[in-house]
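Chemist: Below is one structure. I have some questions about it.
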Amino acid sequence: MSSPSVHVRAPGKINVYLGVGPRHDDGYHSLATVFQAVSLYEDVYATLADEFTLEVFGDVDVSDVPTDDRNLAMRAAKLLAQTAGITSGVHLRIRKGVPVAGGMGGGSADAAATLVACDALWGTDLGMHRLHELAARLGADVPFTLHGGTAIGTGRGDELTPALARGRFDWVLVLSDQGLSTPEIYRKLDVLRAQDAPVADDPPLSLDVPLAVLQALRAGDAAGLAPVLMNDLEAPALADRPDLARVLADGIRFGALGGLVSGSGPTIALLCEGSEQAQTVQNELQATGHDALHVHGPVPGARVIA
Ligand code: C5P
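All letters in the sequence shown, in the order written, are residues 296 to 601 by this note's numbering.
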């Protein structure tokens, strides 16, 4: 007989708005952000085992993904076992659909999916509140991918308030071969700010998501959202990858309403009027040699599939 197994799917995310405040002593920056979960997924298959083991495969390049304790999903499984007093292990198979080191929270989605999968597999039944606490200990974006949808994130990004978002938003993602390191992009923002670089705004005095962003989401108004898309990490990401400015310009030229670097990059997210326009933008970008994908949001967070 085969061992019991659970399949959980968790989404990647875009930061529709990402305001970065000052750096604190723990190395983290305070944020005011709006996350939206999009239809690009990580699948985690958890099977009961004696030890903790992990394998990674998928459509995206997985050669840089560690399979030991540096992997956030591995840490998630061990943290849950330790918290709930579980003495058995788990074999995790992760099928990656979200680009690695792309600024879309793929690793965080793996961790969120692993928490939900192991909770079901081991029958620990911790409930959303406890899972959220564990998620926040694993990383700033993990709680959001657990919940999904559209949400405002404050603190490190882990204090969540659901945001109303009507209808669906169509995005075209442009992927890069090479990833960017999130800690390095945050560090670079601090350096640019310390140099008073014109491309990087100072940390805002009050960290709030502008009303216009929330109103456009609530109204399902892509044309209203496009001009208020904002990401403080865009300047340091473009400093590392100046070619991305061209990708943004191409996307707009092909008909996207607006665009921005997703999280710490290098994935570019282009907001479109609807599905048809997104299809055109995707086709045009592909015809000019870009790796472009059409996705939509919001979608639910980590869910048991089987
Ligand atoms: O929590 P997570 O592991 O996703 O964060 C990766 C890195 O991004 C942190 O080590 C930190 O350098 C940076 N970060 C930050 N402020 C945040 C979130 C992340 O400086 N609010």
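We treat Cβ as the ideally placed atom computed from N, Cα and C, and that holds for glycine.
Remember, predicted model here, so these are calculated numbers, not experimental data.
#1: Quick one: any contact between the region 581–599 and the region 458–465, if contact means 3 or more CB pairs under 8 Å?
#2: Pull up the distance between the alpha-carbon of Trp417 and that of Val437, whole angstroms please.
#3: Apart from the five residues just before and just after Gln572, which ones in its own chain have a Cβ nearer than 6 Å to its Cβ?
#4: Can you pull the DSSP bridge partners for Asn611?
#5: Within the continuous beta strand (DSSP E) that includes Val329, where are the two ends?
#6: Output the residue ranges of the alpha helix (DSSP H) runs that lie fully inside the region 364–417 and measure 4 residues or longer, sorted by chain position.
#7: Grouping DSSP H, G and I as helix and E and B as strand, with all else coil, what is Phe549?
#8: Exposed or buried, what is Ile600 when buried is set at 16 or more other beta-carbons lying within 10 Å of its beta-carbon?
#9: Rounded to a whole number of angstroms, what is the C-alpha to C-alpha distance between Leu433 and Val542?
#10: From this set, Ala534, Asp527, Asn578, Glu579, which residue's C-alpha is nearest Leu555's C-alpha?
#11: Pull up the distance between the alpha-carbon of His442 and that of Ala517, whole angstroms please.
#12: With DSSP run on the structure shown, which of helix, strand or coil describes Ser297?
#13: Report the partner residues of Leu588 according to the DSSP bridge assignment.
#14: Shortest alpha-carbon distance to Ala372 belongs to which of Asp359, Leu387, Pro361, Val360?
#15: Can you tell me whether DSSP reads Gly519 as helix, strand or coil?
#16: Checking contacts by CB at 8 Å: is Met423 closer than that to chain B?
#17: Is the Cβ-Cβ distance between Ala412 and Val303 less than 8 Å?
#18: Please state the DSSP three-state secondary structure of Leu475.
#19: Is Tyr323 near the ligand C5P, going by C-beta to nearest heavy atom under 7 Å?
#20: Is any non-hydrogen atom of the ligand C5P found closer than 7 Å to the C-beta of Ser403, if you look at the structure I gave you?
#21: To which residues of the same chain is Ala344 closer than 6 Å at the C-beta, ignoring the five residues directly before and after it?
#22: Which residue marks the beginning of the alpha helix (DSSP H) containing Thr575, and which one marks its end?
#23: Going by DSSP, what residues sit across from Gly307 in a beta bridge?
#24: What residues match up with Ile563 in a beta bridge as DSSP calls it?
#25: Nearest-angstrom Cα distance between Gln510 and Ser297?
#26: Which class does His442 belong to by DSSP, given the choice of helix, strand or coil?
#27: Put Leu349 into one of helix, strand or coil per three-state DSSP.
#28: According to DSSP, which residues form a beta bridge with Arg432?
#29: Using a Cβ-Cβ cutoff of less than 7 Å, which residues in the same chain neighbour Arg318 once the five nearest sequence positions on both sides are dropped?
#30: The ligand C5P and Asp345: does the residue's C-beta get closer than 7 Å to at least one heavy atom of that ligand?
#31: Flag this pair as yes or no: are the beta carbons of Ala406 and Ala368 separated by less than 8 Å?
#32: Does DSSP put His302 in a helix, in a strand, or in coil?
Modeler: In short, the structure shows the following:
#1: yes
#2: 20 Å
#3: Counting only Cβ-Cβ distances below 6 Å, and skipping sequence neighbours, we find Gly550.
#4: Residue 611 is absent from the model: the chain starts at 296 and stops at 601.
#5: 324–344
#6: 367–379, 401–416
#7: coil
#8: exposed
#9: 32 Å
#10: If we check each option's Cα against that of Leu555, Asp527 comes out closest.
#11: 23 Å
#12: coil
#13: Leu468
#14: When only C-alpha atoms are compared, the closest one is Leu387.
#15: helix
#16: Among the chains in the structure shown there is no chain B, since it carries only a single protein chain.
#17: yes
#18: Correct three-state label for Leu475: coil.
#19: yes
#20: yes
#21: Sequence-distant partners of Ala344 (beyond 5 residues in either direction) whose C-beta falls short of 6 Å from its own C-beta, in its chain, are Gly384, Val385, His386.
#22: It spans 570–582 - the alpha helix (DSSP H) in which Thr575 sits, taken as one unbroken run.
#23: Beta-bridge annotation (DSSP): Gly307 is paired with Val333.
#24: Val469, Val556
#25: Roughly 51 Å between the two C-alpha positions.
#26: helix
#27: If DSSP states are grouped into helix, strand and coil, Leu349 belongs with the strands.
#28: Looking at the DSSP assignment, Arg432 forms no beta bridge with any residue, so it has no partner.
#29: His324, Asp485
#30: no
#31: yes
#32: strand
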